[in-house]
Structures are given as C-alpha cells and as structure tokens.
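Engineer:
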Ligand code: SF4
Ligand code: SF4
Ligand code: SF4
Ligand code: SF4
Ligand code: SF4
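And the structure:
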C-alpha cells in the first residue's frame, strides 16, 4: 500500500490527524485531516523530524488519535519520548517509512543552478539505487548519493524505523553503517587551547534565536530554564559568556536523550556545528557504559 | 561619476579605514573583519544590517549596587562606514527610522545612525528569494545611502548622494578616475537586468483578515526567533537590568513576537498564547497595520525569513504570491 492508501485506512479507523509531509519541491510539514489525505507525500526532501509536533502546544493531549510519519532516525525519538512517558503509546499511530536518505533542497537548487522556484507539478525527485534522479520540466539530472546526501544520513545506523504500527514501502537492506565519532575524535585530538578557540568562535556567532531548542523533539519541558527570570540561569544578553552557558545547558539536558536526528544543526541560521557538540556528549555517555540514547546498557553486573 | 579600478580595492579600503570603522559583508553579518574581494561578491549576509544601528544587545548604563553611582554608556564618537550594503538593507534602516523617530526620538538609535555612513552597492545578482520589486523598491534603490555604487566589470562606479558621501569620495580621490560613458551605460543596463531577474508578485493583502485560513500554516511554526532576528525591519525589544555581584547594567535586547513568552503578562495571562496569534500578528503588523500608519509595508523583500525558516513557511505564499 502506498502512503495515501495507508492514511485513508487509518482515517477510517478513527485517526483524527496525520502529521506528515506535503509538497514535492516545496516540502512542508502538514497536519492533515481526512479530507486532505491526498496531500500526503514522501520524497528525499522530507527532511523534518515531525515527532517534534506531538508535544508542541500540548497537541497530543488535545487529540484522541494522531498519526505521525517517521523515517528511521525520527522513529528513535518516539522510543525516547515513550521512555520518558511524554504520552501514552495508544495515542499515536506510527507510520514508518524505510528511508534511503534525505537532502537539503538548497543543495539541489545550487547543483541545478537554476534561479527560479520550481512548481510542485513540474518537479520530480527520487532515489534510483545509488543515484538521486531529479526531473524538472522534462530535463533530468543525476547526482551520486555520496555527494548530495545529508551528513547525518551518511552515518545513519537506522534507515528502517525502529518502531512503527504500519510500514509504507519495503525494509531497506543497506550495508551496515556505523557512527564512529570521526569528527569528535578529530576535535579531541586538538590541544585544550585549540578546542577552546574553536568553540568560542562558534558560540560567538549564536544569535540565541532558540530554533535549535524549539525544533528539538526532546526539548519539550513546559517551563524551560531559559525562560526563568528568578533565578535567571542564563542572562538574556547575547554575549559569548551567556551563549556558552546556553549551549552547555542545552547539551547536558540532552545527554543520553539526544537521538541524533540532526534537526538542531540543520535549522541553525548561522551554522553552528551542534551535532558535533551532541556527539561529543553522546560519546562520553557511551564511554561511561551507557548506550548513546535510550536505556542504560548493563554496567558491571 | 567617479570610478575605482578593482585592482585598487585593497588600497581603497585601507584609505577608508584611516578615518572610519569600516564594516563590510561576510557570509554571516556585517563585520570589520572581512575579505575585500569576497565582500563585493556576497549578495547579502545571513543577518541584516540593522545590528549596526540597533544592536541585539545594547548596554544603556551601568549602576553600582553598593553605592549610588550611575555611569551612562558613552556616546560613540567614531564614524562607522558600511561598505556595499544592499538596497534592501538600507531600506530596512529607513523603515526602522520611521519607528524610532516617531513621536519621541530614540537617542541610542539616532546617535548610531548619525555616526554611520552608507556606501551602498546595486545588486548584480539577486537571489532566488529576493522580492524587493514587489514591495516597491528595486535592486538599485538609493534612498538613505550616502554613496551609491555599481560594480561594472573591472571597476566600481560611484555616485555621491549626500554631503557625507562627497567627503568619503574626497578621501579616496587619489584612487578614483572619471567613469567612462560606456561604464555609466553599462551600469544602467546592470540595474535593469537585476530588476528583471527579481521575481515579482502581486500580493493580495486583502486576504489577511483576522480569521482567514492563511493562518493555518502556523500549525507548523516552531516559534523560533529566526524570522524576526534576521529581518531588517523587525524591531521589538525589551529593556532589562542585569545584576552582577556589585554592579548591574541596564541593557536593551532584541525580542521576538514569535516567542510564546513575548506577551506573557505578570498575571500569567498571555494574550498571544498560540502560534496562530503570533504569526498573524507578525504578518498583519508588517502588511496591514504598518501600512495604515506609515503608508508602506514594513518589509523590504530581502527574503531572509523565507530562506531561513526551518519549516519552509513563506511570507510570499501567505500573501498569495505564488
Ligand atoms: S539555532 Fe543557532 S543561532 Fe539559534 S540559538 Fe541555536 S545555535 Fe544559536
Ligand atoms: S539535540 Fe538535535 S540531534 Fe539531538 S534530538 Fe534534539 S534536535 Fe535531534
Ligand atoms: S519580512 Fe522577511 S522578506 Fe520582509 S524584510 Fe523581513 S525578513 Fe525580509
Ligand atoms: S531583495 Fe532586491 S535589493 Fe535585496 S538583495 Fe535582493 S535584489 Fe538586492
Ligand atoms: S522562522 Fe519559521 S518557524 Fe521560526 S518563528 Fe518564523 S515562521 Fe515560525
């Protein structure tokens, strides 16, 4: 069954809303109602981790049954959220999509080198083996996977959803990839002064727009320490010292919880390497004898 | 009109730096630490130029928590020069000027504006999300600039528009020559080419009603600060005291009407608790209320909010421009 058929069936069975993707070139999240089922799509531009919306403005408490479309990486968030009792399992129907990797749309525009925005109906995009095939108004372009894939997808260990109620498409047999913390190790090999210099340069750029926090499906505290004025954990002045405080708090609050979906880094308007920070913490956690996220693995006993 | 051969660009910047704090374009923002050749090529930085006259964090004065001393932050005396600022960013500053100079003049803003010289550059190569021509400016709009420049092949040609601008050109006079007729013609051509390249929309602001369906897009909004912080015309701010152990400081910082805490009142009541209310407020302010007040849109068409919205919410679509 394809996505729309699956969705139709779910609506018939009492799902009220499906959080999915719409559009083709101009891809966006959508909160689809039954009459909008035909809008639901999935293609290599479906970059967003939609699980973030479940807890936003208390959505999961307002609706009885919600469907949510997840890729492999996004599905890990669901496990983590359930582990934290963010909502009960029977509230949601997980529509899992085995994923060949996603791409930043700007990269395509850059590669094609065309100025204009494409209309959804004149644009086609799909994976064909190790190639991405893009068709625009009859013209076709091919890109090798390695060149165009998002970084996080290059080291993705879970292209298949780790939790789902319905699966759309076939499970993917891909050569087993492994996160080897290459970038973290590189940074770790620098001297303390060099590392300090590296991070200062990055933290200085931060404009504290909090997009990295707001896009994170695991930053969903009802009252965030960042908004507290009494006591004020992080001052509101946007300066290096306060920025560092913000980033340390964010990273620590996500230790052993961050699932590595990469959304925080993707949305940062000034390109802070947030995944590097998250992965550093993840590596520490792993070295302490815990798996990078989810439950502790057995320690000692 | 005067011309500078690009081979002399380094010397040109050097001469200007003798007298001014020269800011120019980097990938991220306007900075004193820029690459001369690259700055000329980058269309616009991720962040707009508003920071120069309206910094994200602006110290107003310091106070002593033990004694009674108050130290007002000194007025800046040196002059900033913004090199290659683009029409839409200058337009942004013109719009801020209306706000900060209505009724009471904001001294902090006015002081910075008075101390800044704008050497603007026409856009040769507008980007995918530029739509300045739909909000009544062009890629060669000059209002608010002191010097207006156009990059023509191997040279940059200049036109001084104000007294300050004349002084700037005087300062670098030794490097300038008269522009040739061809160059002047070519510049006009470049202006029109760029204007034609910018995508033009017929915005339909009558669809921006209180309970319109267009606001439904707010379902996917993340309430982040990207669209407001990058926008050259957004100007919400907050004034707070930051206390340290023995001293404190009163600062003005940017705020964002897209944050849920923005309108949270001490009573706990929040008149704009939902994203729909906030998104509607931002767009209505720019395209309806500001228009009623000042007879123009509070939008320069720079396209930053469209390019950088993490969930692809587009003002152009909201305004029915697709
Ligand atoms: S998204 Fe980037 S700029 Fe915004 S708060 Fe996070 S790190 Fe800072
Ligand atoms: S911290 Fe970043 S990578 Fe980790 S779960 Fe949150 S958004 Fe995803
Ligand atoms: S509203 Fe968007 S396009 Fe308009 S000036 Fe602001 S950032 Fe630029
Ligand atoms: S919006 Fe217009 S003025 Fe601004 S960069 Fe684009 S073309 Fe230039
Ligand atoms: S940038 Fe996009 S997601 Fe962020 S507040 Fe603006 S519209 Fe919402």
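Protein chains in written order, with this note's numbering: chain A, 90 to 390; chain B, 299 to 620.
Note that beta-carbon positions come from the ideal geometry of N, C-alpha and C, so glycine has one too.
1. Helix, strand or coil for residue 247 of chain A? Go by DSSP, reduced to three states.
2. My parser needs the beta strand (DSSP E) runs of 3 or more residues fully inside the stretch 92-130 of chain A; what are they?
3. For residue 272 of chain A and residue 520 of chain B, which I take to be in contact (beta-carbon distance under 8 Å), what is that distance rounded to the nearest angstrom?
4. Which residues in the same chain as residue 226 of chain A place their Cβ atom closer than 7 Å to its Cβ, once the five residues preceding and following it in sequence are excluded?
5. Got a sec: does ligand 2 put a non-hydrogen atom nearer than 6 Å to the Cβ of residue 327 of chain A?
6. Name the chain A residues whose beta carbon is nearer than 8 Å to that of residue 523 of chain B?
7. Can you tell me whether DSSP reads residue 544 of chain B as helix, strand or coil?
8. How many Å lie between residue 176 of chain A and residue 204 of chain A at the Cα?
9. Is it true that the stretch 601-610 of chain B meets the stretch 109-124 of chain A, where meeting means three or more beta-carbon pairs spaced less than 8 Å apart?
10. Using a C-beta to C-beta distance shorter than 9 Å, which residues of chain B count as neighbours of residue 96 of chain A?
11. Tell me which residue opens and which closes the beta strand (DSSP E) that residue 582 of chain B is part of.
12. Quick one: Cα of residue 595 of chain B to Cα of residue 532 of chain B, how far?
13. Hey, residue 321 of chain B and residue 329 of chain B are a contact pair by Cβ (cut 8 Å); roughly how many whole angstroms apart?
14. Within the same chain, show all residues whose beta-carbon is closer than 8 Å to that of residue 351 of chain B, passing over the 5 residues directly before and after it, in chain order.
15. For a test of the three-state rule: what should DSSP assign to residue 607 of chain B, helix, strand or coil?
16. Starting from residue 166 of chain A and walking both ways along the beta strand (DSSP E), at which residues does that stretch end?
17. Going by beta-carbon coordinates alone, are residue 361 of chain B and residue 546 of chain B separated by less than 7 Å?
18. Can you look up residue 357 of chain B in the DSSP assignment and give me helix, strand or coil?
19. Residue 217 of chain A lies in the beta strand (DSSP E); which residues open and close that run?
20. At the 7 Å Cβ level, is residue 608 of chain B part of the contact set with chain A, yes or no?
21. Thinking C-alpha only, which one of A:185, A:360 and A:275 is nearest residue 295 of chain A?
22. Starting from residue 448 of chain B and walking both ways along the beta strand (DSSP E), at which residues does that stretch end?
23. Flag residue 520 of chain B as yes if its beta-carbon sits less than 7 Å from any beta-carbon of chain A, otherwise no.
24. Sorry if obvious, but does the Cβ on residue 161 of chain A come closer than 6 Å to a heavy atom of ligand 2?
25. Let me check you understand the geometry: is the CB of residue 343 of chain A closer than 6 Å to at least one non-hydrogen atom of ligand 2?
26. Whether or not the stretch 428-440 of chain B and the stretch 460-480 of chain B are in contact is what I'm after, with contact meaning three or more pairs of Cβ atoms, one per stretch, closer than 8 Å; do they touch?
27. Identify which residue in A:220, A:238 and A:239 has its Cα closest to the Cα of residue 230 of chain A.
28. Quick one: does residue 575 of chain B have its CB under 7 Å from some CB of chain A?
29. With a 10 Å radius around its C-beta and 16 neighbouring C-beta atoms as the bar for buried, classify residue 544 of chain B as buried or exposed.
30. Under the DSSP definition of a beta bridge, which residues are partnered with residue 418 of chain B?
31. Assign residue 556 of chain B to buried or exposed, taking buried as 16 or more other Cβ atoms, counted over all protein chains shown, within 10 Å of its Cβ.
32. Closer than 6 Å: is that where the CB of residue 530 of chain B sits relative to any heavy atom of ligand 3?
33. With 7 Å as the threshold, decide whether the Cβ of residue 540 of chain B is near any Cβ in chain A.
Structural biologist: Working from what's here:
1. Along the first chain, read from residue 1 onward, the residue named residue 247 of chain A stands at position 158. The answer is coil: DSSP assigns residue 247 of chain A none of H, G, I, E or B.
2. The beta strand (DSSP E) runs lying completely inside the stretch 92-130 of chain A and spanning 3 residues or more are 106-111 and 117-121, given in chain order.
3. Taking the first residue of the first chain as position 1, residue 272 of chain A is located at position 183. Taking the first residue of the second chain as position 1, residue 520 of chain B is located at position 222. Residue 272 of chain A to residue 520 of chain B, Cβ: 26 Å. No contact.
4. Residue mapping note: residue 226 of chain A aligns to position 137 of the first chain, counting from 1. Result list for residue 226 of chain A: 211, in chain order.
5. Working through the first chain from its first residue, we reach residue 327 of chain A at position 238. No, ligand 2 has no heavy atom inside 6 Å of this Cβ.
6. By 1-based counting over the second chain, the position of residue 523 of chain B is 225. The contacting residues are 296, 297, 298, 299 and 300.
7. For the purposes of this step, residue 544 of chain B is taken as the residue at position 246 of the second chain. Note: residue 544 of chain B maps to coil in three-state DSSP.
8. Numbered from 1 along the first chain, position 87 holds the residue referred to as residue 176 of chain A. Numbered from 1 along the first chain, position 115 holds the residue referred to as residue 204 of chain A. Answer to the nearest angstrom: the Cα atoms are 44 Å apart.
9. Segments in contact, yes.
10. Residue mapping note: residue 96 of chain A aligns to position 7 of the first chain, counting from 1. Residues of chain B passing the Cβ test: none, with the nearest at roughly 17 Å.
11. One-based indexing of the second chain puts residue 582 of chain B at position 284. Secondary structure note for residue 582 of chain B: it is in no beta strand (DSSP E), and the uninterrupted alpha helix (DSSP H) holding it is 573-582.
12. If you number the second chain from 1, residue 595 of chain B lands on position 297. If you number the second chain from 1, residue 532 of chain B lands on position 234. Answer to the nearest angstrom: the Cα atoms are 12 Å apart.
13. The residue labelled residue 321 of chain B in the question sits at position 23 within the second chain. The residue labelled residue 329 of chain B in the question sits at position 31 within the second chain. Yes, they are in contact, since the Cβ atoms of residue 321 of chain B and residue 329 of chain B sit about 6 Å apart, within 8 Å.
14. As a first step, residue 351 of chain B must be located in the second chain, where it is residue number 53. Correct list, in chain order: 391, 394, 407, 410, 411 and 414.
15. Translated into positions along the second chain, residue 607 of chain B becomes position 309. Three-state result, residue 607 of chain B: coil.
16. Locating residue 166 of chain A in the first chain gives position 77, counting from the first residue. No beta strand (DSSP E) contains residue 166 of chain A, which is instead part of the alpha helix (DSSP H) from 161-172.
17. Locating residue 361 of chain B in the second chain gives position 63, counting from the first residue. Locating residue 546 of chain B in the second chain gives position 248, counting from the first residue. Yes, they are a contact pair.
18. Taking the first residue of the second chain as 1, we reach residue 357 of chain B at position 59. Shown here, residue 357 of chain B sits in a strand according to DSSP, grouped into three states.
19. Residue mapping note: residue 217 of chain A aligns to position 128 of the first chain, counting from 1. Where residue 217 of chain A is concerned, the enclosing beta strand (DSSP E) stretches over 212-217.
20. Residue numbering aside, residue 608 of chain B sits at position 310 when the second chain is read from its first letter. Taking 7 Å as the threshold, the shortest C-beta distance from residue 608 of chain B to chain A falls below it.
21. Numbered from 1 along the first chain, position 206 holds the residue referred to as residue 295 of chain A. Comparing alpha carbon positions, the residue from A:185, A:360 and A:275 closest to residue 295 of chain A is A:360.
22. Stepping through the second chain from its first residue, residue 448 of chain B is reached at position 150. 445-450 is the span of the beta strand (DSSP E), which, as asked, contains residue 448 of chain B.
23. On the second chain, residue 520 of chain B is found 222 positions in, with the first residue counted as 1. Closer than 7 Å to some Cβ of chain A, the Cβ of residue 520 of chain B qualifies, so yes.
24. Position 72 of the first chain, counting from 1, holds the residue named residue 161 of chain A. Residue 161 of chain A Cβ: outside cutoff for every heavy atom of ligand 2.
25. On the first chain, residue 343 of chain A is found 254 positions in, with the first residue counted as 1. Yes, Cβ of residue 343 of chain A sits closer than 6 Å to a heavy atom of ligand 2.
26. Contact between the stretch 460-480 of chain B and the stretch 428-440 of chain B is absent, because fewer than three Cβ pairs lie under 8 Å.
27. The residue given as residue 230 of chain A occupies position 141 in the first chain. Checking every option, the nearest Cα to that of residue 230 of chain A belongs to A:220.
28. Here residue 575 of chain B refers to the residue found at position 277 when the second chain is read from its first residue. Interface flag for residue 575 of chain B against chain A is unset, since no Cβ pair is found closer than 7 Å.
29. In the second chain, counting from the first residue as 1, residue 544 of chain B sits at position 246. Exposed.
30. As a position in the second chain, residue 418 of chain B is number 120, starting the count at 1. According to DSSP, which records beta bridges pairwise, residue 418 of chain B is partnered with B:383 and B:446.
31. Here residue 556 of chain B corresponds to residue number 258 of the second chain, with the count starting at 1. Per the 10 Å Cβ criterion, buried.
32. The sequence position of residue 530 of chain B within the second chain is 232, counting from 1. Residue 530 of chain B: yes, Cβ under 6 Å from ligand 3.
33. In the second chain, counting from the first residue as 1, residue 540 of chain B sits at position 242. Yes, its Cβ sits closer than 7 Å to a Cβ of chain A.
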